[in-house]
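Notes to accompany the following structure.
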Amino acid sequence: MAGTSVAELLALKWREHEGNPLIAPPFPSPIIADPTFLPPEDTPDGLWHLFAHSILGIHHFTSRDGLAWEKLPGAVCRASLRAFLLRQGGAYHLFYERFLRLFPFTYRSRLEVRSSRDLFSWSRPSAVLEPSLAWHREGCAGAVSNPCVVEEEGGFRLYYSAGLVYLRDCRFSEPKYIGVAFARDTTGPYRPAPEPALQPAAGDAYANMGAGAVKVLRLEDGYVGFQNGIYWDPERARSRSAIRLVASGDGLEWNILEREPVLKPGSGWKKAFVYALDVRRAGGRFHLYFNARDGWLTGRENIGLALGEPVPSPS
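In the numbering used here, the protein residues as written are 142 to 456.
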């Protein structure tokens with residue numbers, strides 16, 4: 142990302158928008174989750190565009206100011222979730238998880254992509270990544286999810302989540318590992334590295350159950366990842382998720398930074414989990430859209446916004 146160093150991004154001060162949450166789940170779904178977006182300077186019509194999933198599929202939202210959002214009718218993709226939007230010149234690519242098997246069968250999914258020139262009319266899907274490694278199949282029949290594609294010299298990197306860990310207090314599963322895969326072309330096919338890039342560790346306070354998901358920014362002198370790890374909170378005896386920063390010189394070996402998360406559970410609409418996100422620079426500052434959950438076994442998920450701005454220098 143031209144014009145931003147790792148140190149500058151790590152020094153940003155993040156604040157939640159006072160109007161949060163901004164997007165509520167569409168009826169009859171109790172959730173709207175995993176937002177991905179583009180600001181007006183990156184869209185063909187000068188509007189904000191955001192995609193997020195409910196139990197009905199992936200929905201398309203537009204906005205004039207990034208705050209008041211209007212949902213377009215229907216769903217862009219059915220049986221799909223956890224999307225990521227990539228602009229490449231005049232083309233747009235929507236990567237997402239497509240589930241192939243659900244309860245009562247063992248869960249299985251793959252990553253797909255559709256492409257567009259206008260963000261409204263989309264191509265037929267093509268497969269990007271199938272679960273193929275042993276850790277892709279932990280806790281499931283094979284699950285790959287939460288795509289994030291970063292352009293590199295001579296090709297592309299796909300950061301993705303894989304495998305599942307069961308949260309007993311919620312009675313659902315979340316991603317256990319984060320991997321990276323490589324391709325020459327934007328839409329793949331992608332070849333996964335044999336080992337995870339990020340994984341849970343007992344001593345990792347914010348990822349002791351699962352690595353969750355990550356969105357990676359390539360900066361002038363390195364990489365920063367926004368990771369929503371899955372962790373057990375011993376003080377409250379509950380599973381949780383928070384968004385923290387991880388850093389890397391090459392985007393492959395990651396350093397867990399000893400600092401407080403950017404966003405973590407609090408009260409009200411984000412009482413239980415602060416979940417997956419997308420983050421991009423727009424209008425001179427960083428916008429981070431994320432979803433959060435207000436309960437464990439039962440709960441609703443909404444989408445909110447946090448803004449990252451430089452800390453003013455002392456006068």
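By construction, the Cβ of each residue, glycine as well, lies at the ideal position given by its N, Cα and C atoms.
A quick note: this is a predicted structure, and the numbers were derived from the prediction, not measured.
1) Note the first and the last residue of the continuous alpha helix (DSSP H) segment covering Leu150.
2) Run through DSSP, which three-state label would Lys411 get?
3) Hey, how far is the Cα of Ala354 from the Cα of Pro288?
4) For the pair the region 376 to 389 and the region 401 to 412, tell me if three or more CB-CB distances fall below 8 Å.
5) Measure the C-alpha to C-alpha separation of Ser170 and Gly344 and round it to an integer number of angstroms.
6) Go ahead and pull the three-state DSSP assignment for Asp183.
7) Checking 7 Å against the spacing of the C-beta atoms, do His201 and Leu213 come in under that value?
8) Between Thr257 and Ser264, how many whole angstroms is the CB-CB distance? I'm expecting something under 8 Å.
9) Where do the ends of the beta strand (DSSP E) carrying Lys356 lie?
10) Which term fits Glu315, buried or exposed, when burial requires 16 or more other beta carbons within 10 angstroms of its beta carbon?
11) Going by beta-carbon coordinates alone, are Thr177 and Leu226 separated by less than 7 Å?
12) How about Leu339 and Ala352: are their beta carbons less than 7 Å apart?
13) Indicate whether the contact test is met: 3 or more Cβ pairs, each with one atom in the region 414 to 431 and one in the region 365 to 374, closer than 8 Å.
14) What residues in its chain sit with their C-beta under 8 Å from that of Gln229, if we drop five residues either side in the sequence?
15) Just to confirm, are Tyr347 and Tyr318 a CB contact at a threshold of 7 Å?
16) Given a threshold of 16 other Cβ atoms within 10 Å of its Cβ, counted over all protein chains shown, does Lys411 qualify as buried or as exposed?
17) Where DSSP assigns a beta bridge to Asn369, which residues make up the other side?
18) I think Asn443 touches Ala209, with their Cβ atoms under 8 Å apart; what is that distance to the nearest whole Å?
19) If contacts are defined as beta-carbon pairs under 8 Å, then Asn299 and Ala322 qualify, I think. What distance do you get, rounded to the angstrom?
Reading it off the structure:
1) 147 to 151
2) helix
3) 9 Å
4) yes
5) 36 Å
6) helix
7) yes
8) Strictly speaking, residue 257 in this sequence is Ser, with Thr absent from that position. 7 Å between Cβ atoms; contact.
9) 351 to 360
10) buried
11) yes
12) yes
13) yes
14) Glu292, Thr327
15) no
16) buried
17) Ala354, Ile384
18) 15 Å between Cβ atoms; not a contact.
19) In the sequence under discussion, the amino acid at residue 299 is Leu, which differs from the Asn named in the question. Contact holds; Cβ gap of about 4 Å.
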